[in-house]
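Which chain is which? The protein sequence lines are A and B, in order.
Count the first sequence with numbering that gives the first Met the number 0 and you get residues 0 to 226, in order.
Count the second sequence with numbering that gives the first Met the number 0 and you get residues 0 to 406, in order.
For every residue, glycine included, the Cβ atom is placed at its ideal position computed from N, Cα and C.
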Amino acid sequence: MQPFRPLIPAARRALQETGRLIIVALGSSTTAGSGASAEDKSYPFVLQSELRRRLPGAEVRVLNKGVGGQSAYDMLRRMDNDVIDEKPSVVIWQTVINDAIRDIGEDKLAKILRKGIAKARAAGIDTILMDLPWLPREGRYPHFDEYRAVLARTAEQQGVSLFPRYAMMRGWARSKQFTEQELVGMDGLHLVDAGYRCLASRLADGIVAAVGDVPIQIIGRPASLGE
Amino acid sequence: MSSDPSFQRFMLFGRRAEGAAGRPAGRDARIDMVRGLALLIIFINHMPGNVVSAYMPNNFGFSDAADVFVLLAGVSATLAYGGLIETRGFAVAALKLGARLWTLYIAHMAVFILVCGVIAVAVTRTQNPLYIEAINIQPFFRDTVDALIGALTLTYQPSYLDILPLYIVLLALFPPIYYGVRFSPALTLACSLLVWQAALAFELNLPNSGGVWFFNPFAWQVIFTLGVILGRTVQLGIAAPRLRWLDALAVAFLLFAWLVKIPAGNPTGIAALNDWFDSVQLGSDKTNLAWSRLLHLGALTWLAISWLPASGRLTRSALGRALACSGRNSLHVFCVGIVLAVTGQIVLAETSFALDVQLLLCAGGITMLTGLGIFLSWYRSITSREQRAGPAAASGAPVQRPSFSPR
Chain A
0 MQPFRPLIPA
10 ARRALQETGR
20 LIIVALGSST
30 TAGSGASAED
40 KSYPFVLQSE
50 LRRRLPGAEV
60 RVLNKGVGGQ
70 SAYDMLRRMD
80 NDVIDEKPSV
90 VIWQTVINDA
100 IRDIGEDKLA
110 KILRKGIAKA
120 RAAGIDTILM
130 DLPWLPREGR
140 YPHFDEYRAV
150 LARTAEQQGV
160 SLFPRYAMMR
170 GWARSKQFTE
180 QELVGMDGLH
190 LVDAGYRCLA
200 SRLADGIVAA
210 VGDVPIQIIG
220 RPASLGE
Chain B
0 MSSDPSFQRF
10 MLFGRRAEGA
20 AGRPAGRDAR
30 IDMVRGLALL
40 IIFINHMPGN
50 VVSAYMPNNF
60 GFSDAADVFV
70 LLAGVSATLA
80 YGGLIETRGF
90 AVAALKLGAR
100 LWTLYIAHMA
110 VFILVCGVIA
120 VAVTRTQNPL
130 YIEAINIQPF
140 FRDTVDALIG
150 ALTLTYQPSY
160 LDILPLYIVL
170 LALFPPIYYG
180 VRFSPALTLA
190 CSLLVWQAAL
200 AFELNLPNSG
210 GVWFFNPFAW
220 QVIFTLGVIL
230 GRTVQLGIAA
240 PRLRWLDALA
250 VAFLLFAWLV
260 KIPAGNPTGI
270 AALNDWFDSV
280 QLGSDKTNLA
290 WSRLLHLGAL
300 TWLAISWLPA
310 SGRLTRSALG
320 RALACSGRNS
330 LHVFCVGIVL
340 AVTGQIVLAE
350 TSFALDVQLL
360 LCAGGITMLT
370 GLGIFLSWYR
380 SITSREQRAG
390 PAAASGAPVQ
400 RPSFSPR
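Right under this line is the structure:
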């Protein structure tokens, strides 16, 4: 698996000029933190702590805009309020799972994704798309692979980065680092904290790799006070 | 709009033309029949990804079964509670309405608990966390206390559990809307449209966990108000004027909607229209209502009023009567339909959306829902016969049964 190295020039620029890195996590259940034992175990929260730790001096905020059960179209509709109005430099868009479940149509999905990416781009925001999760039994959703392909294809055509969540989770499952239940399961309702932590760490790895060499402008106050 | 003076008089002043004899308002079988049909369509559409749902009306036009359902809710509320206001006065009607709101609220709670239970069982048995995602039930599992309070205050509505809260709010608004329509339908409609557009401009909506209500009541009250006006014409026995040009316009609009929904993309090649085509093809704004939805519903309603005879062959056929039974027991059929549809979603996924299972689920669900409607109608007929035989047989003129029929 290739290391994840997102293309986020707007984030680099923002860090350089203002010392600020604002990320909006737009998504459905995975973003909202389905299965996490507490709010602060969701991936956006962990990502924020990781980035603050690894980018000392920068003012980092990761906003959680996850609403469970939403389709790509639902999120496109709240892009203005939930993403653009927050003036972030990066949006991590976790979507497509509900569109795959509902089989909304591949062309329709591609169009929605394109519109969302274009909207973010027009506002000067870099998009990172998040790949679908790996599922122990994909057979439940016969078109799962097709929708994953739409996501990958759209990311490539639009020149935005795709966070390889699927490959990562499959790798974890194969390496037996986690049990299946720790990754995706839910026998007791709070089993996926470990999965979110790893997801966030890998995202942080990528983002730090992409912006870590930027000299950070510290404005006004010492970084340790952060926010 | 109309050249018919009696209809014009009604729209402006909410009254019949003097001397014009209205026919007494009998129960209109069309209302129950269409509502029964809408309930079945809602059931099918609540199992997304099934092959039958691709043939449901929302694929061929701007509005869908939800719009029809809310419109008819307005009609039935008028016939039931408007009728009560006229015969028994406001106090009795308000008490009845209050009792009805309470029943709706309890029904909503019951469906909520049932659906949470179904999902909890499914997730723990199958280890597929996506069932939580499918209807946004995760807040309930993560923070049960918060979710419970949210559910009780209608500020947490998982998917599919958003129609009853809308209906509760709309029915609570019924008295002012009804008195408004009694005074002047045209003026009330103008106010209603104004509230809708103001809500759009100021982004008004009620809160829902992590967002806003899926059905914005500030917008959807327009359709309910239209229903009340329609119900008032039935109540007063005012016939809609025969307007051939409007018939033609309505047909043309439905055709237009169909032509716009079918292709992928913009067939006209006019770049300025790209965004508009996208907006109707990706999904007409359901939360805040869209003009396209409203006009589409208006066209459908007009044609139904003009061309679907009240006691025609269709309404008297076995199919029509079966549908009407579901429509007459809409609260029960709706609630059971939600639980069946959520269960159906799980069965579909567990069987990998096998075609035969899909068809079986749709057919089975429709049979069960229709059967429930027929059973409840029969049950009511035998229990009311007992009542009539009893000593307390005092009865005035039979009052129209309200929409989500109360006990």
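DSSP links S160 (chain A) through a beta bridge to A:I127. Of the other Cβ atoms in all chains shown, fewer than 16 fall within 10 Å of the Cβ of N273 (chain B); this residue is therefore exposed. Taking 8 angstroms as the upper bound on Cβ-Cβ separation, chain A lies near residues A348, E349, S351, F352 of the stretch 340 to 359 of chain B. Take F139 (chain B), set aside five residues on each side of it, and the residues of its chain with a beta-carbon closer than 7 angstroms to its own are C115, A146, in chain order. The beta carbon of Q137 (chain B) sits closer than 8 angstroms to some beta carbon of chain A. Note on geometry: alpha-carbon atoms of I21 (chain A) and T154 (chain B) lie some 29 angstroms from one another.
Counting along the chain, E58 (chain A) sits inside the beta strand (DSSP E) bounded by residues 58 to 65. Only those residues of the stretch 128 to 150 of chain A whose C-beta falls short of 8 angstroms from the nearest C-beta of chain B are listed: L134, P135, R136, G138, R139, Y140, P141.
A Cβ-Cβ separation of about 11 angstroms leaves V95 (chain A) out of contact with Y140 (chain A) under the 8 angstroms criterion. DSSP places L205 (chain B) outside any alpha helix (DSSP H), giving it a letter other than H or E. Bridge pairing for A24 (chain A): A:N63, A:I91 [DSSP].
Straight-line measurement puts the Cα of P47 (chain B) at about 12 angstroms from the Cα of Y54 (chain B).
Counting C-beta pairs closer than 8 angstroms gives fewer than three between the stretch 294 to 311 of chain B and the stretch 78 to 91 of chain A, which falls short of the contact rule. Within the stretch 87 to 135 of chain B, complete alpha helix (DSSP H) segments of at least 4 residues are found at 89 to 125, 129 to 133, given in chain order.
Contact check for S160 (chain A) against L6 (chain A) passes: the beta carbons are separated by less than 8 angstroms.
Looking at the DSSP output, G210 (chain B) shares a beta bridge with B:N207.
Any Cβ of chain B closer than 8 angstroms to the Cβ of Y72 (chain A) would place that residue at the interface, and such an atom is present.
The C-alpha of D246 (chain B) lies about 21 angstroms from the C-alpha of N57 (chain B). In the pairwise beta carbon analysis, the stretch 69 to 79 of chain B is classified as touching the stretch 220 to 230 of chain B: at least three pairs are separated by under 8 angstroms.
For G343 (chain B), the uninterrupted alpha helix (DSSP H) run begins and ends at 329 to 349, by DSSP. K64 (chain A) has its alpha-carbon roughly 28 angstroms from the corresponding atom of D212 (chain A). Secondary-structure assignment with DSSP links R19 (chain A) through a beta bridge to A:E58. Beta-carbon to beta-carbon, C361 (chain B) and I43 (chain B) are separated by about 6 angstroms, close enough to satisfy the 8 angstroms threshold.
Listed in chain order, the alpha helix (DSSP H) runs fully inside the stretch 250 to 330 of chain B are 273 to 281, 290 to 306, 312 to 315, 317 to 327, counting runs of at least 4 residues.
Taking the Cα positions, L253 (chain B) is about 29 angstroms away from Q69 (chain A). Within 9 angstroms of the CB of A31 (chain A), the CB atoms of chain B belong to N135, Q137, P138, R141, G209, in sequence order along the chain.
Chain B has no Cβ within less than 8 angstroms of the Cβ of G194 (chain A). Relative to W195 (chain B), the option among B:G149, B:W290, B:F255 whose CA is nearest is B:W290. Taking all protein chains in view, the Cβ of K175 (chain A) is surrounded by fewer than 16 other Cβ atoms within 10 Å, so the residue is classified as exposed. Contact note: R169 (chain A) does not reach chain B at a C-beta cutoff of 7 angstroms; the least C-beta distance is about 16 angstroms. Here the C-alpha atom of P128 (chain B) lies approximately 35 angstroms from the C-alpha atom of L169 (chain B).
In this chain, the alpha helix (DSSP H) harbouring M10 (chain B) covers 4 to 12. Counting only the Cα atoms, G13 (chain B) lies some 10 angstroms from L186 (chain B).
For Y178 (chain B), the enclosing alpha helix (DSSP H) begins and ends at 173 to 182.
Here Q234 (chain B) is not near L368 (chain B), since their CB atoms are 8 angstroms or more apart. Linking D81 (chain A) to L281 (chain B) through their CA atoms gives a straight-line distance of about 20 angstroms.
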